[in-house]
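Beneath this line is the structure, given in structure tokens, with notes to follow.
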Amino acid sequence: MKTPTIAIVGSGPSGCYLAQALRKAWPLAEITLLDRMPVPYGLVRYGVAPDHPGTKNVIRQFERLFERDNIGFAGNIEIGRDISLDTLRDTFDIVALATGLHGDRPLDIPGAEQARIYGAGRLTRLLNDHPDEQDFHPQLGKSTVIVGNGNVAIDVLRLLAKSAEEFDNSEITDEVLSRLQATPLRQIHIVGRSPAPQAKFDTVMLRELAGLCRVSYRVHDLPPADNDDDKAVAAKLDALRDLQAREQAELEIHFHFGWQPESLTATEGQQCFHFTRAGRETQKLELTTDSVITAIGFTQRPDSAFCKQGLSHAGADPEAGHLAPGLYCTGWFKRGPRGTIPENRADAKTVAGLILAQTDLMTTGKPGFAAMPESVIAQSVDYAGWKRIDAAEVTTAPAGRIRKKIRDTAEMLRIVNDIHQGEPQS
Numbered sequence: 001m002k003t004p005t006i007a008i009v010g011s012g013p014s015g016c017y018l019a020q021a022l023r024k025a026w027p028l029a030e031i032t033l034l035d036r037m038p039v040p041y042g043l044v045r046y047g048v049a050p051d052h053p054g055t056k057n058v059i060r061q062f063e064r065l066f067e068r069d070n071i072g073f074a075g076n077i078e079i080g081r082d083i084s085l086d087t088l089r090d091t092f093d094i095v096a097l098a099t100g101l102h103g104d105r106p107l108d109i110p111g112a113e114q115a116r117i118y119g120a121g122r123l124t125r126l127l128n129d130h131p132d133e134q135d136f137h138p139q140l141g142k143s144t145v146i147v148g149n150g151n152v153a154i155d156v157l158r159l160l161a162k163s164a165e166e167f168d169n170s171e172i173t174d175e176v177l178s179r180l181q182a183t184p185l186r187q188i189h190i191v192g193r194s195p196a197p198q199a200k201f202d203t204v205m206l207r208e209l210a211g212l213c214r215v216s217y218r219v220h221d222l223p224p225a226d227n228d229d230d231k232a233v234a235a236k237l238d239a240l241r242d243l244q245a246r247e248q249a250e251l252e253i254h255f256h257f258g259w260q261p262e263s264l265t266a267t268e269g270q271q272c273f274h275f276t277r278a279g280r281e282t283q284k285l286e287l288t289t290d291s292v293i294t295a296i297g298f299t300q301r302p303d304s305a306f307c308k309q310g311l312s313h314a315g316a317d318p319e320a321g322h323l324a325p326g327l328y329c330t331g332w333f334k335r336g337p338r339g340t341i342p343e344n345r346a347d348a349k350t351v352a353g354l355i356l357a358q359t360d361l362m363t364t365g366k367p368g369f370a371a372m373p374e375s376v377i378a379q380s381v382d383y384a385g386w387k388r389i390d391a392a393e394v395t396t397a398p399a400g401r402i403r404k405k406i407r408d409t410a411e412m413l414r415i416v417n418d419i420h421q422g423e424p425q426s
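UniProt numbering numbers the first residue of the sequence shown as 1 and each following residue consecutively.
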């Protein structure tokens, strides 16, 4: 069988890992990673906290796909805007969707529609200089409540609690940081539904909080220490107890566990957040706050070009990643918003195995990227174009920063096309 032409839509971890797995099986196949942004790496670039450069180092592994393994990159192409999915499927033998989930799951309680609520995903994209979020100006006030007790909630907590000096060796820009810290926070409550032993955040994330310089902590709803039979749970609870040893500071953080969000009401320019806890008698918790941040998961945005359910054909297996003949999906688009970057690698290997198992049922011979509409090819940004953007970001980085991300798509495209190269970037 002739090796197929393959288009992977989305160049984040899921897409890159799928390309990696398919390249091992088909050393000579044409594989192209497409992305609506002019830059690759998706979640790693725009979703990983900007003060965690170590997590972003997985990009070095992905660079080898383009530099050594002959994988193509075609950025600045949006499916549904620049080319239809049907046209893409007519052009490539195999199309795989790895577009992820970009919407913050809404807080579905009475009063939420009137409240000042911000999604953790959107805040993280803002702090990572995503072009889509440059008109986003969150007004957190002096107090905020973070809903959720996973690692995303802890990421947001840490990013809000750090002083400007503690962002050395990060990717955050001073302009975004000053926007976020325009009104200094004095109090943060982080509230989760799970009891403390079942909270989803990692112990190492809690230990990192202990190093922040201007923060004190109060941890509510902890079980007695002698109940810690599981070593991993014991370590997590010990880390929470250790946080309480800090003296009073200018920013006070409260952890609450086992509380169910019930409603939000307006009160004297602020919001009163009502929580309940079931038991022999229903308990209540009320927190007055200026704003709310949700870290309760991700979902598909209403403006998404396609959804998994709408693409599934008879005889397909969408849960396994097969949507229709020659059409597949992987990552969060396939299985929902759960799993870390390494888990996306395992998922991509599974989907690659499914594709390989079905190759005997495929008819190959579609022309691939060169047969895309001329206008689409002309506007696309290849890997060399991305490296020009990358070089511009690194060389303009101020002291204490790894890079200065370009947050304007038009400016990225000007750099790609060598227009006013060398001028200072705003």
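Each residue gets a CB set at the ideal place from its N, CA and C atoms; glycine is no exception. Since this is a predicted model, take the numbers as computed values, not measurements.
Item                                                                                                                                                                                : Value
State the DSSP-derived secondary structure class of residue 95, mapped to helix, strand or coil.                                                                                    : strand
So residue 63 is in the alpha helix (DSSP H); what residue range does that whole segment cover?                                                                                     : 58–67
Within 10 angstroms of the Cβ of residue 245, are there 16 or more other Cβ atoms? Answer buried if so, exposed if not.                                                             : exposed
Beta-carbon separation of residue 292 and residue 147 under 8 Å?                                                                                                                    : yes
Buried or exposed: residue 348, going by 16 or more other Cβ atoms within 10 Å of its Cβ?                                                                                           : buried
Tell me whether the segment 197–204 and the segment 226–238 touch, counting them as touching only if at least three CB pairs, one residue from each stretch, are closer than 8 Å.   : yes
Which residue comes first and which comes last in the alpha helix (DSSP H) that contains residue 393?                                                                               : 383–395
For residue 61 and residue 45, I'd like the C-alpha separation in whole angstroms.                                                                                                  : 14 Å
Leaving out five residues before and five after residue 415 in sequence, what residues of the same chain have Cβ atoms less than 6 Å from its Cβ?                                   : 388, 389, 392
Leaving aside the five residues before and after residue 257 along the sequence, list all residues of the same chain whose C-beta is less than 6 Å from its C-beta, in chain order. : 192, 195, 196, 221
Considering only residues of the same chain and omitting the five flanking positions on each side of residue 408, which have a CB-CB separation below 7 Å?                          : 131
For residue 277, which residues from the same chain have a beta carbon less than 6 Å from its beta carbon, with the 5 sequence-adjacent residues on both sides left out?            : 258, 259, 283
What number of angstroms, rounded off, separates the C-alpha of residue 170 from the C-alpha of residue 136?                                                                        : 21 Å
Mind checking which residues open and close the beta strand (DSSP E) that includes residue 366?                                                                                     : Where residue 366 is concerned, there is no enclosing beta strand (DSSP E), given that its DSSP letter is neither H nor E.
Starting from residue 284 and walking both ways along the beta strand (DSSP E), at which residues does that stretch end?                                                            : 283–289
Keeping to the same chain, check which residues put their C-beta closer than 7 Å to that of residue 18; ignore five residues upstream and five downstream.                          : 8, 96, 98, 330, 348, 351, 352
Candidates 405, 410, 398, 418: which alpha carbon is nearest residue 168's?                                                                                                         : 398
What residue range does the alpha helix (DSSP H) around residue 46 cover?                                                                                                           : 42–46
Please classify residue 401 as buried or exposed, where buried requires at least 16 other C-beta atoms within 10 Å of its C-beta.                                                   : buried
So within the segment 136–222, which uninterrupted alpha helix (DSSP H) runs reach at least 4 residues, ignoring any that extend past its ends?                                     : 151–161, 174–180, 203–209
Cα separation between residue 177 and residue 232?                                                                                                                                  : 34 Å
Going by Cα to Cα distance, which pick from 127, 51, 255, 288 is closest to residue 265?                                                                                            : 288
Report yes if the CB atom of residue 187 is closer than 8 Å to the CB atom of residue 216, and no otherwise.                                                                        : no
Quick check on this structure: which residue in 34, 12, 47, 313 has the alpha carbon closest to the alpha carbon of residue 298?                                                    : 47
Any C-beta of chain B sitting closer than 8 Å to the C-beta of residue 71?                                                                                                          : The chain labelled as chain B is not found in the depicted structure, where only one protein chain is given.
Kindly confirm or deny that the segment 102–109 and the segment 29–37 touch, where touching means at least three C-beta pairs closer than 8 Å.                                      : no
Let me know the secondary structure DSSP gives residue 314 once reduced to three states.                                                                                            : coil
As a quick exercise: from 84, 21, 122, pick the residue whose alpha carbon is nearest that of residue 180.                                                                          : 122
Excluding the 5 residues preceding and the 5 following residue 295 in the sequence, name in chain order all residues of the same chain whose CB lies nearer than 7 Å to its CB.     : 120, 146, 147, 148, 150, 152, 153, 156
What number of angstroms, rounded off, separates the C-alpha of residue 68 from the C-alpha of residue 20?                                                                          : 11 Å
Does residue 307 pass the burial test, meaning 16 or more other C-beta atoms within 10 Å, or should it be called exposed?                                                           : exposed
Hey, residue 76 and residue 263: beta-carbon distance below 8 Å or not?                                                                                                             : no
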